[in-house]
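J.:
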Amino acid sequence: MNKLSAIFLFGLATMMPVQAKIKLPNYITDNMIVQQNSVMKIVGSAASDSKVTVWAAWDSNPRQTKADKEGKFEILLPTPAAGGPYSIIIADKDSKVKIGNVLSGEVWLCSGQSNMEFPVEGWSSVMDADHVVSTARNPDIRLLQVKRGTSLAPMDDIEVNMGGWVEAAPNTMDFSAIAYFYAKELRDSLRVPVGVIDATWGGTPAEAWTSSEYLKDISGLEIHKHQEENRECPSVLYNAMIHPLRDFKVKGVLWYQGCNNVGRAKQYEPLFQSLIKNWRNLWGEDFPFYFVQLAGYRAPQAVQPDSEWAALRNAQCKALLLPNTAMVSAIDLGNPGDIHPREKQTVAHRLALTALGRDYGFNTNYRAPLCISTKNKGDRIILEFDDDLTATSSTVLGFIIGDINGNFDQAIVKKIDNCTLELYSPMVKKPICARYNWADFPNGNLYSRHGIPVAPFATDK
Numbered sequence: 007m008n009k010l011s012a013i014f015l016f017g018l019a020t021m022m023p024v025q026a027k028i029k030l031p032n033y034i035t036d037n038m039i040v041q042q043n044s045v046m047k048i049v050g051s052a053a054s055d056s057k058v059t060v061w062a063a064w065d066s067n068p069r070q071t072k073a074d075k076e077g078k079f080e081i082l083l084p085t086p087a088a089g090g091p092y093s094i095i096i097a098d099k100d101s102k103v104k105i106g107n108v109l110s111g112e113v114w115l116c117s118g119q120s121n122m123e124f125p126v127e128g129w130s131s132v133m134d135a136d137h138v139v140s141t142a143r144n145p146d147i148r149l150l151q152v153k154r155g156t157s158l159a160p161m162d163d164i165e166v167n168m169g170g171w172v173e174a175a176p177n178t179m180d181f182s183a184i185a186y187f188y189a190k191e192l193r194d195s196l197r198v199p200v201g202v203i204d205a206t207w208g209g210t211p212a213e214a215w216t217s218s219e220y221l222k223d224i225s226g227l228e229i230h231k232h233q234e235e236n237r238e239c240p241s242v243l244y245n246a247m248i249h250p251l252r253d254f255k256v257k258g259v260l261w262y263q264g265c266n267n268v269g270r271a272k273q274y275e276p277l278f279q280s281l282i283k284n285w286r287n288l289w290g291e292d293f294p295f296y297f298v299q300l301a302g303y304r305a306p307q308a309v310q311p312d313s314e315w316a317a318l319r320n321a322q323c324k325a326l327l328l329p330n331t332a333m334v335s336a337i338d339l340g341n342p343g344d345i346h347p348r349e350k351q352t353v354a355h356r357l358a359l360t361a362l363g364r365d366y367g368f369n370t371n372y373r374a375p376l377c378i379s380t381k382n383k384g385d386r387i388i389l390e391f392d393d394d395l396t397a398t399s400s401t402v403l404g405f406i407i408g409d410i411n412g413n414f415d416q417a418i419v420k421k422i423d424n425c426t427l428e429l430y431s432p433m434v435k436k437p438i439c440a441r442y443n444w445a446d447f448p449n450g451n452l453y454s455r456h457g458i459p460v461a462p463f464a465t466d467k
């Protein structure tokens with residue numbers, strides 16, 4: 007189609023009487039952002055059996071389809087490289103909808119419970135909130151906040167706050183802080199527009215975000231056909247807040263959740279992996295899934311081998327067995343008296359380093375050193391790591407060692423070289439295992455050369 011024809015089509019659509027027959031999902035609004043260099047699926051409803059035309063300002067060809075007898079239609083629309091703003095017009099024989107101020111760029115879905123929900127400014131606020139809010143004029147960062155909701159059956163559409171997509175601005179900062187900071191760092195590094203979707207609800211367990219089909223094999227979860235409907239019930243948040251987004255292309259997922267599953271670590275291990283598989287199957291692709299390991303919380307204890315928070319963190323780690331996953335540890339960012347630490351900038355920074363390194367070709371040094379070898383040597387345990395270690399003080403903290411009877415004590419740590427540690431304790435004569443940062447609120451101080459914390463681990467787990 008030549009340029010003159012495109013202008014004519016645009017003018018014709020603009021002159022059409024608006025009779026509101028075309029209905030689009032609530033995530034397709036002015037100010038939206040689409041995933042660049044991909045294919046956008048536009049679903050909606052129009053007049054029964056009518057021809058539906060989609061014209062995108064970046065596309066030289068109008069896309070057409072026919073609505074079925076119920077008026078439902080879908081059209082596949084190729085998206086351009088990052089840029090904009092653009093407009094999209096969807097028209098049938100006697101009505102049209104125009105979507106304006108559309109950008110193409112990178113889109114990430116951010117979900118979980120309260121620490122992902124935690125706003126820049128709202129029911130709580132981040133560190134240095136006044137400065138963050140006053141400088142939050144970023145028209146190429148777009149925000150979509152899914153309204154909290156539950157449903158006993160999968161829904162076809164979401165409810166949204168703020169009328170749909172909005173530009174990042176001081177008056178739109180009642181929005182996930184981690185999502186906003188993450189988007190800002192990606193935008194600054196990639197120099198492309200970035201959109202983030204905030205689909206969160208505090209005080210919710212992982213099973214609420216997982217479909218009933220993917221919960222069938224999780225022992226201990228009772229799934230009833232007519233269950234009580236509240237935010238903690240299995241599948242109700244998945245049905246209302248995730249399933250309706252399935253046709254909207256995203257680059258990947260950021261996830262921060264787990265507090266509401268503490269005490270059920272054995273169950274959480276397969277549950278969390280089922281959630282990841284569930285969401286990937288819903289979108290039909292193995293997109294990146296990056297998650298935050300729980301921060302330190304509750305009263306510090308020097309030796310706490312039975313810590314339920316540590317066990318849950320370990321269950322989170324097991325999801326790394328799945329491809330295209332990565333974990334960011336927030337173990338050093340917690341607050342013993344507040345389950346909602348205000349330091350969200352560093353969490354977002356570590357997530358951004360991970361995505362930039364894994365998905366966008368940057369050399370970000372996002373990985374933490376991993377323990378790759380354990381050797382028992384009399385009353386000592388030797389741990390070898392796959393990269394250099396640094397400690398924030400002259401004494402390495404955070405290790406406990408235990409014997410075959412389950413007796414644990416704090417370990418005295420000697421650094422043999424940059425990658426090797428020797429652990430011992432006068433109270434544990436024949437140690438068989440070592441654990442690091444294994445407590446509700448541990449005090450470990452090991453990092454990579456680039457400031458990435460060594461994640462909690464246990465050689466016997």
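Position one of the sequence shown corresponds to residue 7 (our numbering), numbered consecutively onward. Glycine included, C-beta positions come from ideal geometry on N, C-alpha and C.
(1) Going along the chain, which residues of its own chain have a beta-carbon closer than 6 Å to the beta-carbon of ALA63, five neighbours each way excluded?
(2) Tell me, to the nearest whole angstrom, how far the beta carbon of GLU275 is from that of ALA321; I am working on the premise that it is less than 8 Å.
(3) Could you pull out every residue in the same chain whose Cβ sits closer than 8 Å to the Cβ of SER130, ignoring the five residues on either side in sequence?
(4) Which full runs of the beta strand (DSSP E) of 3+ residues lie inside the segment 378-432, going along the chain?
(5) Span of the beta strand (DSSP E) holding LYS57?
(6) Where does ASP163 fall in DSSP's three states?
(7) Among THR465, GLY89, VAL103, GLY208, which has the Cα closest to the Cα of THR59?
(8) I'd like to know if the segment 452-467 and the segment 429-437 are in contact, where contact means that at least 3 CB-CB pairs between them fall below 8 Å.
(9) Per DSSP, which one or two residues make a beta bridge with ASP365?
(10) Once the 5 residues before and after TYR366 are set aside, which same chain residues still bring their CB inside 7 Å of it?
(11) With which residues is TYR372 paired in a DSSP beta bridge?
(12) Using DSSP bridges, identify the partner residues of SER182.
(13) Take ASN245 as the anchor and find which of GLU219, PRO145, GLN42 has the nearest alpha-carbon.
(14) Does DSSP put LEU82 in a helix, in a strand, or in coil?
(15) Only counting the same chain, and skipping five residues up and downstream in sequence, which positions put a Cβ closer than 7 Å to that of HIS232?
(16) When DSSP labels each residue in this structure, what does LEU190 get in the three-state scheme?
(17) Suppose you measure from the CA of ASP392 to the CA of LEU376; what does that come to, to the nearest Å?
(18) For the alpha helix (DSSP H) holding GLU275, just list the boundary residues, first then last.
(19) Can you tell me whether ASN236 is helix, strand or coil according to DSSP?
(20) My output table needs one value for ALA464: the three-state DSSP class, helix, strand or coil.
(21) Hey, how far is the Cα of GLU173 from the Cα of ILE105?
(22) Can you tell me whether ARG455 is buried or exposed, with buried defined as 16 or more other CB within 10 angstroms of its CB?
(23) Is DSSP giving LEU260 helix, strand or coil here?
(24) Going straight from the alpha carbon of ALA73 to that of VAL49, what length do you get?
(25) Beta-carbon separation of ASN121 and TYR303 under 7 Å?
(26) Going by Cα to Cα distance, which pick from TYR188, VAL45, PRO160, ARG386 is closest to ALA288?
(27) Tell me whether PRO23 is buried or exposed, calling it buried when 16 or more other Cβ atoms sit within 10 Å of its Cβ.
(28) Which of the three DSSP states is assigned to VAL132 in this structure?
(29) Give the straight-line distance between the Cα atoms of ILE6 and ARG441, rounded to the nearest whole angstrom.
(30) On a CA-only basis, which of ARG193, LYS57, TYR33 is nearest GLY111? Give me that one, please.
(31) Less than 7 Å between the C-beta atoms of LEU83 and MET46, yes or no?
(32) Does the beta-carbon distance from LEU395 to ASN449 come in below 7 Å?
(33) Specify, as a first and last residue, the run of the beta strand (DSSP E) that VAL70 falls within.
(34) In this structure, does DSSP put SER454 in helix, strand or coil?
(35) Within the continuous alpha helix (DSSP H) that includes TRP444, where are the two ends?
(36) Count the other CB atoms, across all protein chains shown, that sit within 10 Å of the CB of HIS249; report buried if there are 16 or more and exposed otherwise.
T.: So, from the data block:
(1) TYR92, SER93
(2) 4 Å
(3) PHE124, HIS346, ARG348
(4) 386-391, 405-408, 414-416, 418-423, 426-430
(5) 57-62
(6) coil
(7) VAL103
(8) no
(9) Partner(s): none; ASP365 has no beta bridge.
(10) LEU196
(11) None; TYR372 has no bridge partner.
(12) PRO125
(13) GLU219
(14) strand
(15) Any reading at HIS232 must be qualified, since the residue scores a pLDDT of 48, below 50, and its modelled position is unreliable; the value itself is stated next. Excluding positions up to five away in sequence, the list is empty.
(16) Here residue 190 turns out to be Lys, not Leu, going by the sequence shown. LYS190: helix per DSSP, three-state reduction.
(17) 6 Å
(18) 271-289
(19) coil
(20) strand
(21) 15 Å
(22) exposed
(23) strand
(24) 10 Å
(25) no
(26) Per the sequence shown, residue 288 should be read as Leu rather than Ala. Considering only alpha carbons, the answer is PRO160.
(27) Its pLDDT being 43, under 50, PRO23 is placed unreliably by the model, and nothing is read from it.
(28) coil
(29) This structure does not reach residue 6, given that the chain is present from 7 up to 467, and the question cannot be answered.
(30) ARG193
(31) yes
(32) no
(33) Reading off the sequence shown, one finds Gln at residue 70, where the question assumed Val. Counting along the chain, the beta strand (DSSP E) containing GLN70 begins and ends at 69-72.
(34) coil
(35) Per DSSP, TRP444 belongs to no alpha helix (DSSP H) and is neither H nor E.
(36) buried
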